[in-house]
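Protein chains in written order, with my numbering: chain A, 1 to 252; chain B, 1 to 79.
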């Protein structure tokens, strides 16, 4: 994609070099592929889940996907992991299309990795696609994967000050999920402080409190999961309606 | 340490838009880095020093901090 004829060839600087004005997004090459991904995703809502390792992203999907599935909503999952396909195996048990991206040590997913996954899974009928990013609260924030929204997951064991320590993840997310709230009685965590800190970074965050702990009867639903499912269903409808209105050419 | 990936993305963006055509050496890169971009400028400087690209050997990184979530290439000085 060379367009050197459009480049200002610059003026001579003090050291004899040329100064070239660029004024471009440094991640432009990632953005180009992210746009392609968005086109391929089509009418499906795409949520990119970010969190520290162990906050419960996969457990959250194990809680949400069966509920969506029981209501006739078709989900697909793209898993990111530095080393294993353990999370994909858990998602496979849910009976939805899933693909594992193993980054071989890279600390985040980028648009190219996701693009490479899309030819390997059936997403043409998907209503919603969940991307579980690599467990890391810093690096994945920089890369647009073509998603509609980022959702940051924070477990209450991580400390009330997490949003202040990792502001980019909270600033760039539309949703924050405070997970593992079943542990609250055993901890000194202050859930209102977590919210206050997160909202000081991003006042528009939509917040859910969830627990994915299995009940003795095997059920894993709680009110937070039901609220989150309602939110996802509403966003799926909005995206699909918007896509339909403009003839399905939203990003082409 | 995703700053290595960011450094490579910056090189790709410059390359793909023709800014490195005929360039033997990049003396400096001026970047606008937002406080919500998730980028550590020191790590990014380290990444540039260790790129496997002779044109960027010894490149000086100039950073203008701002309140955004973006990383923008403002200007480069080249030979």
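Every residue gets a Cβ at the ideal spot worked out from N, C-alpha and C, and that includes glycine.
Pair within 8 Å by beta-carbon distance, residue i and residue j
| i | j | result |
| --- | --- | --- |
| residue 145(A) | residue 34(A) | yes |
| residue 94(A) | residue 62(A) | yes |
| residue 22(B) | residue 168(A) | no |
| residue 114(A) | residue 149(A) | no |
| residue 51(B) | residue 27(B) | no |
| residue 202(A) | residue 164(A) | no |
| residue 126(B) | residue 62(B) | With chain B running from 1 to 79 in the structure shown, residue 126(B) is simply not present. |
| residue 40(B) | residue 11(B) | no |
| residue 83(A) | residue 99(A) | no |
| residue 22(A) | residue 33(B) | no |
| residue 153(A) | residue 238(A) | no |
| residue 97(A) | residue 122(A) | yes |
| residue 241(A) | residue 213(A) | no |
| residue 9(B) | residue 187(A) | no |
| residue 46(A) | residue 147(A) | yes |
| residue 151(A) | residue 177(A) | yes |
| residue 231(A) | residue 132(A) | no |
Neighbour flag for residue i against chain B, beta carbons, 8 Å
| i | result |
| --- | --- |
| residue 99(A) | no |
| residue 132(A) | no |
| residue 25(A) | yes |
| residue 110(A) | yes |
| residue 172(A) | yes |
| residue 34(A) | no |
| residue 59(A) | no |
| residue 317(A) | With chain A represented from 1 up to 252, any question about residue 317(A) goes unanswered, as that position is not in the structure. |
| residue 244(A) | no |
| residue 17(A) | yes |
| residue 53(A) | no |
| residue 252(A) | Only weak support is given to the placement of residue 252(A): the predicted model assigns it a pLDDT of 41, under 50, and the value that follows is read from those uncertain coordinates. For residue 252(A), the answer is no, since every Cβ of chain B falls outside 8 Å of its Cβ. |
| residue 167(A) | yes |
| residue 20(A) | yes |
| residue 62(A) | no |
| residue 30(A) | yes |
| residue 1(A) | With a pLDDT of 38 at residue 1(A), under the threshold of 50, the modelled position of that residue is not reliable, and no figure is offered here. |
Assumed close pair residue i, residue j - CB separation to whole angstroms, cut-off 8 Å
| i | j | result |
| --- | --- | --- |
| residue 179(A) | residue 54(A) | Not a contact, Cβ separation roughly 10 Å. |
| residue 128(A) | residue 75(A) | 5 Å |
| residue 19(A) | residue 75(B) | 6 Å |
| residue 65(B) | residue 36(B) | At roughly 11 Å, the Cβ-Cβ gap does not stay under 8 Å, so residue 65(B) and residue 36(B) are not in contact. |
| residue 118(A) | residue 170(A) | That pair is no contact at about 28 Å. |
| residue 233(A) | residue 73(A) | 7 Å |
Residue-chain proximity (residue i, chain A), Cβ-Cβ < 8 Å
| i | result |
| --- | --- |
| residue 78(B) | yes |
| residue 71(B) | yes |
| residue 13(B) | yes |
**Asked** Going along the segment 53–69 of chain B in order, which residues come within less than 9 Å of chain A, judged by CB to CB distance?
**Response** The segment 53–69 of chain B vs chain A, Cβ under 9 Å: 69.
key: Uninterrupted beta strand (DSSP E) stretches inside the segment 92–174 of chain A (no shorter than 3 residues)   = The beta strand (DSSP E) runs of length 3 or more contained entirely in the segment 92–174 of chain A are, from start to end of the chain, 98–102, 128–132, 149–155.
**Asked** Taking a cut of 7 Å between CB atoms, which residues from the segment 127–154 of chain A lie near chain B?
**Response** From the segment 127–154 of chain A, only 138, 139, 141, 142 have a Cβ closer than 7 Å to chain B.
Under 9 Å, CB to CB, which of the residues in the segment 204–229 of chain A have a partner in chain B? Listed in chain order, the positions of the segment 204–229 of chain A with a beta carbon within less than 9 Å of a beta carbon of chain B would be empty, since no residue qualifies.
Which residues, in chain order, does the segment 42–53 of chain B contribute to contact with chain A at a C-beta distance below 8 Å? Along the segment 42–53 of chain B, none of the residues has a CB nearer than 8 Å to a CB of chain A.
3 or more residues per run - each beta strand (DSSP E) lying fully within the segment 27–90 of chain A: As summarised for the segment 27–90 of chain A, the continuous beta strand (DSSP E) elements at least 3 residues long and confined to that stretch are 45–51, 75–81, given in chain order.
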